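Residue numbers 371 to 473, in my numbering, belong to the letters of the sequence shown in order. Idealized CB from N, CA, C, for every residue including glycine. Please read all numbers here as calculations on a predicted model, not as lab measurements. The structure under discussion appears below in the form of structure tokens.
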Amino acid sequence: MIDRKFTFDLMRTVLKRRMSTWQSVALEVAHIGIRVNSIHRGLIDTNMTRNVQPEMLQIPMGRSAKPDEVAKMMLFLASDEASYSTGAEFVIAGGSTMGVPRH
């Protein structure tokens with residue numbers, strides 16, 4: 371059963387847009403050792419996206435991500451090596467969040 375205070379605090383935070391939902395949850399559960407992080411990914415090389423040309427999407431690294439690159443980040447965050455990471459946002463997007471390359 372979810373504590374009513376937790377639910378109220380989460381809703382208040384989300385409504386005020388002070389932080390993202392996963393950060394609100396991370397803040398509420400950090401004291402009991404639960405870590406909550408977020409992975410934001412760009413274009414992933416799959417059968418569905420294989421015909422999309424990365425240069426059309428202006429990805430600075432010039433290619434889409436391989437599925438195992440995202441999986442490795444997930445494994446890292448689930449491991450003890452990331453035991454002090456919580457409420458963080460990890461971006462795997464080939465630099466596409468930085469803007470459009472000039473070349």
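| Check | Outcome |
| --- | --- |
| Could you tell me which of 397, 395 and 404 sits nearest to residue 449, measuring between CA atoms? | 404 |
| Could you have a look at residue 440 and say whether DSSP puts it in helix, strand or coil? | helix |
| Under DSSP, the beta strand (DSSP E) around residue 459 begins and ends at which residues? | 459-462 |
| Exposed or buried, what is residue 409 when buried is set at 16 or more other beta-carbons lying within 10 Å of its beta-carbon? | exposed |
| Under 7 Å between the Cβ atoms of residue 431 and residue 457? | no |
| Beta-carbon within less than 8 Å of residue 462's beta-carbon, same chain only, minus the 5 sequence neighbours each way: which residues are those? | 409, 410, 411, 412, 435, 439, 440 and 443 |
| Do residue 407 and residue 466 count as a contact pair if the criterion is CB distance below 7 Å? | no |
| If you reduce the DSSP assignment to three classes, tell me which class residue 408 lands in. | strand |
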